[in-house]
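Counting from 2, one number per residue, gives the positions in the first sequence under the working numbering. Cβ atoms here follow ideal geometry from the backbone N, Cα and C, with glycine treated the same way.
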Amino acid sequence: MMERQSLYICGPTASGKSALALEMARELDGEIVNADAFQLYRGLEIISAAPSREELAIVPHHLYGVLDPTEAADAGTYMRLAKPVIGEIQSRGKTPIVTGGSGLYLKFLTHGPAPLPTGDAELRAALDARPLDDLVAELTALDPVEASRTALRNRRFVSRALEICLLTGRKASELRDQWEAKTRDISANLRGLLIQRDRPDLHSRIARRTRIMLDSGAIEEVASVGAVSRNCEKAIGFREIRSLLAGGIDRPTCEELINAATRQYAKRQETWFRREKWLTVCHPPTSIP
RNA sequence: GGGUAGAUGCCCGAGUGGCUAAAGGGGGCAGACUGUAAAUCUGCUGGCUAACGCCUACGCUGGUUCGAAUCCAGCUCUGCCCA
Numbered sequence: 002m003m004e005r006q007s008l009y010i011c012g013p014t015a016s017g018k019s020a021l022a023l024e025m026a027r028e029l030d031g032e033i034v035n036a037d038a039f040q041l042y043r044g045l046e047i048i049s050a051a052p053s054r055e056e057l058a059i060v061p062h063h064l065y066g067v068l069d070p071t072e073a074a075d076a077g078t079y080m081r082l083a084k085p086v087i088g089e090i091q092s093r094g095k096t097p098i099v100t101g102g103s104g105l106y107l108k109f110l111t112h113g114p115a116p117l118p119t120g121d122a123e124l125r126a127a128l129d130a131r132p133l134d135d136l137v138a139e140l141t142a143l144d145p146v147e148a149s150r151t152a153l154r155n156r157r158f159v160s161r162a163l164e165i166c167l168l169t170g171r172k173a174s175e176l177r178d179q180w181e182a183k184t185r186d187i188s189a190n191l192r193g194l195l196i197q198r199d200r201p202d203l204h205s206r207i208a209r210r211t212r213i214m215l216d217s218g219a220i221e222e223v224a225s226v227g228a229v230s231r232n233c234e235k236a237i238g239f240r241e242i243r244s245l246l247a248g249g250i251d252r253p254t255c256e257e258l259i260n261a262a263t264r265q266y267a268k269r270q271e272t273w274f275r276r277e278k279w280l281t282v283c284h285p286p287t288s289i290p
């Protein structure tokens, strides 16, 4: 049997990816695979806007709630989780519908990892303890090319570039160039949909969703989740609700902070996906109430 | 009714005669980004203009001054206190 090609469904948060995924799954005899960094976790279903129990029952869904909140994950671990699942779906003659908004995670899936080392927690801690100027100086000495390409005010980027050099003993710039060359043509063979909505539409959908989340258990969810990895602490809504629970802010403030953070996240997603030229843009009907 | 504090750009807020289209923050807009990514970082943000530049702006009206968000007078509104 001819293996069925995956369909990717991308777009900013609250744009309606899950609904479209269900529709496409029905149409293409498919199964849905999560590509959302936080829907991977168990116990964060509400704040991560994971599909509801009813939705999960309509067609097979994969990689939702598969990690414990104490576990750390990155784009590489996601890729290693998703690849076999997708292959397995294909082997059964079904179409994988990969759905989610985590651009970097998706990119790992579609274009593969660069030949770079996984992050090293100890080294990172050591680098974090040093002043940025110091890291910039060392990176510039080890790999001037990489330094010239890196946003030197961005501590994360400088630190990672330096980490690569230190861990491999090679130049990060060369390793990255290899990958660049290797992945140049991959996009041509991908197919996917990018949901785009007008800003006012998207913003109103975000506001509506935040309201519903807070009204239907998000606060209780955060209250009961217990210890989480540093990863999960970054989930939008997590910090805000913690602050609400601690009495630091009131409910309307909490709601507005979550909305603002979500709007900003959505903007970054749009910027990211706009560069993925292989995606076919689709404009669902406006949903302003 | 009396007293008192205040009224600044989308919001908060600094500014007490020229260096002010007005600090800083938020929000918004745009962008970068292959292993922390729902993260991290960058630029812009009164209007018109490709640009030089022009115009409009610090509650309102008038005044002082070469020059006012900044000083003076009156008015309007808001908070607080006293009646």
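- Item | Length of the line joining the Cα atoms of I48 and L195 | The residue labelled residue 48 in the question sits at position 47 within the first sequence. The residue labelled residue 195 in the question sits at position 194 within the first sequence. The C-alpha of I48 lies about 23 angstroms from the C-alpha of L195.
- Residue ranges of each beta strand (DSSP E) within the region 169-234, 3 or longer: If only complete runs of 3 or more residues are kept, the region 169-234 shows the beta strand (DSSP E) at 193-196, in order along the chain.
- Query: Which class does H63 belong to by DSSP, given the choice of helix, strand or coil?
  - Reply: Walking along the first sequence from the start, residue 63 turns up at place 62. Reduced to three states, the DSSP call for H63 is strand.
- Taking one C-beta from the region 63-83 and one from the region 38-46 each time, how about it: are there three or more such pairs within less than 8 angstroms? Taking a cut-off of 8 angstroms on C-beta distances, the region 63-83 touches the region 38-46, as three or more cross pairs fall below it.
- Message: Using a 10 Å radius around the Cβ and a threshold of 16 neighbouring Cβ atoms, would you call D37 buried or exposed?
- Response: If you number the first sequence from 1, residue 37 lands on position 36. So D37 counts as buried.
- Item | Anticipated Cβ contact below 8 angstroms, G1 with K172, distance rounded | This structure cannot speak to residue 1, because the chain is shown only from 2 to 290.
- Query: Which term fits R1, buried or exposed, when burial requires 16 or more other beta carbons within 10 angstroms of its beta carbon?
  - Reply: What is shown of the chain runs 2 to 290, which leaves residue 1 out entirely.
- Please work out which residues of its chain come closer than 6 angstroms, Cβ to Cβ, to I99, disregarding the five sequence neighbours upstream and downstream, and give them in chain order. Translated into positions along the first sequence, residue 99 becomes position 98. Note that residue 99 is Val in the sequence shown here, rather than Ile. S7, Y9, V34 and A36, listed in sequence order.
- DSSP three-state call for G31: helix, strand or coil? If you number the first sequence from 1, residue 31 lands on position 30. G31 falls in the strand class under three-state DSSP.
- Task: Check the DSSP bridge columns for Y106 and list the partner residues they point to.
- Result: On the first sequence, position 105 is the one that residue 106 refers to. Paired residue(s): none; Y106 is not in a bridge.
- Going by C-alpha distance, which of I207, R231, E234 and I242 is nearest E221? One-based indexing of the first sequence puts residue 221 at position 220. Of the candidates I207, R231, E234 and I242, I242 places its Cα closest to the Cα of E221.
- Query: Given that a residue counts as buried once 16 or more other Cβ atoms are within 10 Å of its Cβ, and exposed if not, what is V159?
  - Reply: By 1-based counting over the first sequence, the position of residue 159 is 158. The residue in question, V159, is buried, as its Cβ has 16 or more Cβ neighbours within 10 Å.
- Between L82 and P116, what straight-line distance do the alpha-carbon atoms span, to the nearest angstrom? Stepping through the first sequence from its first residue, residue 82 is reached at position 81. Stepping through the first sequence from its first residue, residue 116 is reached at position 115. Cα to Cα, the separation comes out at about 18 angstroms.
- Message: My output table needs one value for I10: the three-state DSSP class, helix, strand or coil.
- Response: By 1-based counting over the first sequence, the position of residue 10 is 9. Taken through DSSP and simplified to helix, strand or coil, I10 comes out as strand.
- Task: May I ask you to report which of helix, strand or coil DSSP gives L133?
- Result: On the first sequence, residue 133 is found 132 positions in, with the first residue counted as 1. Three-state result, L133: helix.
- Query: Straight-line CA distance for P285 to R264?
  - Reply: In the first sequence, the residue the question calls residue 285 occupies position 284. In the first sequence, the residue the question calls residue 264 occupies position 263. Going from the Cα of P285 to the Cα of R264 covers about 19 angstroms.
- Query: Who are C166's beta bridge partners in DSSP?
  - Reply: The residue given as residue 166 occupies position 165 in the first sequence. C166 pairs with nothing; no bridge assigned.
- Task: Could you name the residues that DSSP lists as bridge partners for Y42?
- Result: Counting from one through the first sequence, the residue named residue 42 turns up at place 41. Under the DSSP definition of a beta bridge, Y42 partners with L68.
- Query: Which runs of the alpha helix (DSSP H) spanning at least 4 residues fall entirely within the region 226-285, listed in chain order?
  - Reply: Runs found: 231-234, 239-246 and 252-275.
- Message: Run through the DSSP bridge pairs and tell me what P97 is partnered with.
- Response: Walking along the first sequence from the start, residue 97 turns up at place 96. According to the DSSP secondary-structure assignment, P97 is paired through a beta bridge with E32.
- Counted within 10 angstroms of its Cβ, other Cβ atoms place R198 as buried (16 or more) or exposed: Counted from its first residue, the first sequence places residue 198 at position 197. Burial state of R198 is buried, judged by a 10 Å Cβ sphere holding 16 or more other Cβ atoms.
- Report the three-state DSSP secondary structure of L153 (helix, strand or coil). Numbered from 1 along the first sequence, position 152 holds the residue referred to as residue 153. Coil.
- Can you tell me whether DSSP reads L140 as helix, strand or coil? Taking the first sequence and counting its residues from 1, the one referred to as residue 140 is at position 139. In the structure shown, L140 sits in a helix (DSSP, three-state: H, G or I).
- Task: Run the CB neighbour count on R200, radius 10 Å, all protein chains shown included, and call it buried at 16 or more, exposed below.
- Result: Taking the first residue of the first sequence as position 1, residue 200 is located at position 199. Within a 10 Å sphere around the beta-carbon of R200 sit fewer than 16 other beta-carbons, which makes this residue exposed.
- What is the DSSP secondary structure of G88, counted as helix, strand or coil? Position 87 of the first sequence holds residue 88. Annotated three-state conformation of G88 is helix, per DSSP.
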